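Numbering (this note's numbering), first residue to last: 25 to 280.
All C-beta atoms in this analysis are idealised placements derived from N, C-alpha and C, irrespective of residue type, glycine included.
Computed from a predicted structure; not experimentally measured.
A short worksheet on the structure shown next.
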Amino acid sequence: MKGLWAEDVGFSYGDFRIEGVNLGVNPGELVSIIGPNGAGKSTLLRLIYGTLKPSKGRVLVDGRNLHELSPGERAKLLGFVPQSHVPTFPFKALDFVLLGATPELGPFGAPGKKHRRKARELLKTFGLESYAEKPYTSLSGGQMRLLLTARALMTSPKYLLLDEPTSELDLKNALLVLQTVKKLAKEDVGVLLVIHDPNLAYLFSDRLVLMKDGRIIAQGKPDEVFDEGLLSEVYGIELRLIECSGETVLRPKLEV
Numbered sequence: 025m026k027g028l029w030a031e032d033v034g035f036s037y038g039d040f041r042i043e044g045v046n047l048g049v050n051p052g053e054l055v056s057i058i059g060p061n062g063a064g065k066s067t068l069l070r071l072i073y074g075t076l077k078p079s080k081g082r083v084l085v086d087g088r089n090l091h092e093l094s095p096g097e098r099a100k101l102l103g104f105v106p107q108s109h110v111p112t113f114p115f116k117a118l119d120f121v122l123l124g125a126t127p128e129l130g131p132f133g134a135p136g137k138k139h140r141r142k143a144r145e146l147l148k149t150f151g152l153e154s155y156a157e158k159p160y161t162s163l164s165g166g167q168m169r170l171l172l173t174a175r176a177l178m179t180s181p182k183y184l185l186l187d188e189p190t191s192e193l194d195l196k197n198a199l200l201v202l203q204t205v206k207k208l209a210k211e212d213v214g215v216l217l218v219i220h221d222p223n224l225a226y227l228f229s230d231r232l233v234l235m236k237d238g239r240i241i242a243q244g245k246p247d248e249v250f251d252e253g254l255l256s257e258v259y260g261i262e263l264r265l266i267e268c269s270g271e272t273v274l275r276p277k278l279e280v
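Now the structure itself:
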């Protein structure tokens, strides 16, 4: 059984609950989780990645229980880009990306030429090659997002999970990240991401998952989830779908 799947997953903290969640991503597929703030999107992503453990249900990766895998096995299968990162040491940007190879190297291994070559290629992919020898603490918030994505790709994971990968990015770099992960999906990587902008999710995703209050309200192909009434109810604002240059775009109904 291929894929990264949450089966009847439940979790709670305080008064917030995630209940009966079933969703996942297949190899070669890009799935986006959308919904309002506080819906539980990031919590669900951490449950699927394994940094949180479900109180009910299980997460399977290629048919194996995620929490029965060793940390090394898990790290080789799954890549993760967190929503935020607090720098702890002024690594050079190149060395920070090389840290992503740690699962392959073991605790006492050192990166070789192939690792450095790959790290430099990833820096180039995200337009950061000129920062390779500079402290990564000098990067802007948006550049840090790109660097975190590069680090997550060092092990060529089978499944890549990204929490708000386009936050703090300008439109050009937001598109760069999404185009890059879409290309990975076409190369048989399973990509699961949480994203704030439903329009970008619609453009790039094979499937959408719509969440509210810890529950999945709808999931399916983008055209199936992009329903005016459904989205208006979930986001709590009147929304309209319009056709613009042959594309479907979600817009709020404004009175000015």
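Helix, strand or coil: which one does DSSP assign to M168?
Helix.
On the DSSP letters alone, give me the boundaries of the alpha helix (DSSP H) that S256 sits inside.
Element bounds for S256: E252 to Y259.
Quick check on this structure: which residue in P159, V85 and G44 has the alpha carbon closest to the alpha carbon of M25?
The shortest Cα separation from M25 among P159, V85 and G44 belongs to V85.
Candidates P60, G87 and I42: closest to R70 by CA position
Per the Cα distances, I42.
Identify which residue in V218, P95 and V49 has its Cα closest to the Cα of Q107.
The residue with the shortest Cα to Cα distance from Q107 is V218.
Enclosing alpha helix (DSSP H) for P222 [first to last residue]:
P222 to F228 is the extent of the alpha helix (DSSP H) around P222.
For the candidate residues L68, E188, N61 and G62, whose alpha-carbon lies nearest to that of G48?
Nearest of L68, E188, N61 and G62 to G48, Cα basis: L68.
Any idea if S162 is buried or exposed, counting beta-carbon neighbours within 10 angstroms, 16 or more meaning buried?
S162 comes out exposed.
Please report the straight-line C-alpha distance between G81 and N46, rounded to a whole angstrom.
N46 has its alpha-carbon roughly 9 Å from the corresponding atom of G81.
Three-state secondary structure (DSSP) of N197
Taken through DSSP and simplified to helix, strand or coil, N197 comes out as helix.
Residue-level contact to chain C via CB, A156, 8 Å cutoff:
Chain labels in this structure do not include chain C; a single protein chain is all it has.
Identify the continuous beta strand (DSSP E) that holds Y183 and give its terminal residues.
Unbroken beta strand (DSSP E) run through Y183: Y183 to D187.
Helix, strand or coil: which one does DSSP assign to L10?
In the structure as shown, the chain starts at 25 and stops at 280, and residue 10 therefore has no counterpart that could be examined.
Starting from M235, follow its DSSP beta bridges and name the residues at the other end.
M235 is bridged to I240.
Considering only residues of the same chain and omitting the five flanking positions on each side of I240, which have a CB-CB separation below 8 Å?
Within the same chain, I240 has close Cβ partners V45, N46, L47, V233 and L234.
Within 10 angstroms of the Cβ of Y259, are there 16 or more other Cβ atoms? Answer buried if so, exposed if not.
Flag for Y259 reads buried.
Going by CA-CA distance only, name the one from V213, L195, L152 and E153 that's closest to K182.
V213 is the residue among V213, L195, L152 and E153 whose C-alpha sits nearest the C-alpha of K182.
Measuring straight from C-alpha to C-alpha, what distance separates L122 and T179?
Rounded to whole angstroms, L122 and T179 show a C-alpha spacing of 10 Å.
Label Y160 either buried or exposed according to how many other C-beta atoms from any shown protein chain fall within 10 Å of its C-beta, with 16 as the threshold for buried.
It counts as buried.
Test item: CB-CB of L263 and E248 under 8 Å
Result no, Cβ atoms of L263 and E248 do not sit closer than 8 Å.
With DSSP run on the structure shown, which of helix, strand or coil describes T179?
Coil, per DSSP.
Between A225 and L195, what straight-line distance do the alpha-carbon atoms span, to the nearest angstrom?
Between A225 and L195, the C-alpha separation is close to 14 Å.
Give the straight-line distance between the Cα atoms of I58 and H220, rounded to the nearest whole angstrom.
Going by the C-alpha atoms only, they are around 6 Å apart.
What is the rounded straight-line gap between the Cα of F205 and the Cα of F113?
Reading off the sequence shown, one finds Val at residue 205, where the question assumed Phe. When rounded, the distance between both Cα atoms is 28 Å.
Could you pull out every residue in the same chain whose Cβ sits closer than 7 Å to the Cβ of T126, ignoring the five residues on either side in sequence?
So no residue of the chain qualifies.
Cβ pair L200, F150 closer than 8 Å
Contact flag set, yes.
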